[in-house]
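Below: the structure, in structure tokens.
Residue numbers (my numbering): 2 to 202.
Shown next, in the form of structure tokens:
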């Protein structure tokens with residue numbers, strides 16, 4: 002588990018580095034049309050989202066007490082990446098401005114991903130004591146463990162993983178609902194403003 006976790010950290014670092022180089026060297030520049038920018042970086046942005054989800058699961062297992070912090074990081078990054086994509090896809094009378102705004106969201110996402118990677122490394126170095134014991138058992142570093150205890154610890158690890166995954170799904174659903182409610186509220190206020198303007202005329 003630790004080995005795969007470390008591999009995923011390294012892979013995400015490599016992808017982020019590639020995107021950062023593209024931005025700083027001009028491969029992704031604001032004068033490019035939105036569609037062209039997505040063609041160049043869209044596949045990697047999608048991959049980043051998938052890797053964030055997997056790393057979040059590892060983090061939640063290895064440091065359950067940090068789930069709220071982990072979730073805040075992931076939600077913030079995903080919101081940036083989603084805004085990047087939405088800005089590129091949105092019809093605009095000023096495509097260059099859309100490209101500029103989208104790339105700014107991407108730059109901010111890269112900064113937040115860097116912070117998230119630091120959290121990953123911190124958790125990898127100092128997992129929760131119970132989880133550390135489980136990992137030691139799985140790695141064969143504990144010899145005097147009865148089969149029953151081993152089975153119960155394995156079951157505990159699986160329960161922690163499934164519980165954290167369920168919790169994260171609930172948090173994500175709540176976040177999406179809040180965003181939708183904000184959009185509905187904004188639309189309602191806009192309509193009310195229009196009605197009032199008409200009544201005043």
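Ideal Cβ placement from N, Cα and C applies to all residues, glycine included.
This one's a predicted model, so the numbers in the text were calculated from it and none came from an experiment.
Measuring straight from C-alpha to C-alpha, what distance separates residue i and residue j?
{"i": "residue 103", "j": "residue 52", "result": "21 Å"}
{"i": "residue 74", "j": "residue 199", "result": "44 Å"}
{"i": "residue 60", "j": "residue 127", "result": "11 Å"}
{"i": "residue 116", "j": "residue 15", "result": "15 Å"}
{"i": "residue 179", "j": "residue 129", "result": "32 Å"}
{"i": "residue 164", "j": "residue 189", "result": "37 Å"}
{"i": "residue 78", "j": "residue 72", "result": "10 Å"}
{"i": "residue 1", "j": "residue 114", "result": "With the chain covering 2 to 202 only, the question about residue 1 has no answer from this structure."}
{"i": "residue 167", "j": "residue 91", "result": "33 Å"}
{"i": "residue 109", "j": "residue 185", "result": "27 Å"}
{"i": "residue 192", "j": "residue 201", "result": "14 Å"}
{"i": "residue 1", "j": "residue 182", "result": "A question about residue 1 goes unanswered here, because the residues of the chain that appear run from 2 up to 202."}
{"i": "residue 5", "j": "residue 12", "result": "10 Å"}
I'd like to check one pair, residue j with residue i: are the Cβ atoms closer than 7 Å?
{"i": "residue 84", "j": "residue 46", "result": "no"}
{"i": "residue 131", "j": "residue 63", "result": "no"}
{"i": "residue 187", "j": "residue 76", "result": "no"}
{"i": "residue 38", "j": "residue 29", "result": "yes"}
Helix, strand or coil: how does DSSP classify residue i here?
{"i": "residue 100", "result": "helix"}
{"i": "residue 193", "result": "helix"}
{"i": "residue 175", "result": "helix"}
{"i": "residue 8", "result": "helix"}
{"i": "residue 198", "result": "helix"}
{"i": "residue 91", "result": "coil"}
{"i": "residue 129", "result": "coil"}
Just to check my reading of the structure: residue i and residue j have Cβ atoms closer than 8 Å, yes? What is that Cβ distance to the nearest angstrom?
{"i": "residue 31", "j": "residue 97", "result": "6 Å"}
{"i": "residue 56", "j": "residue 9", "result": "6 Å"}
{"i": "residue 99", "j": "residue 89", "result": "7 Å"}
Exercise. Only counting runs of 4 or more residues, tell me where the alpha helix (DSSP H) segments fall wholly within the region 15–88, in order along the chain.
Key: 35–63
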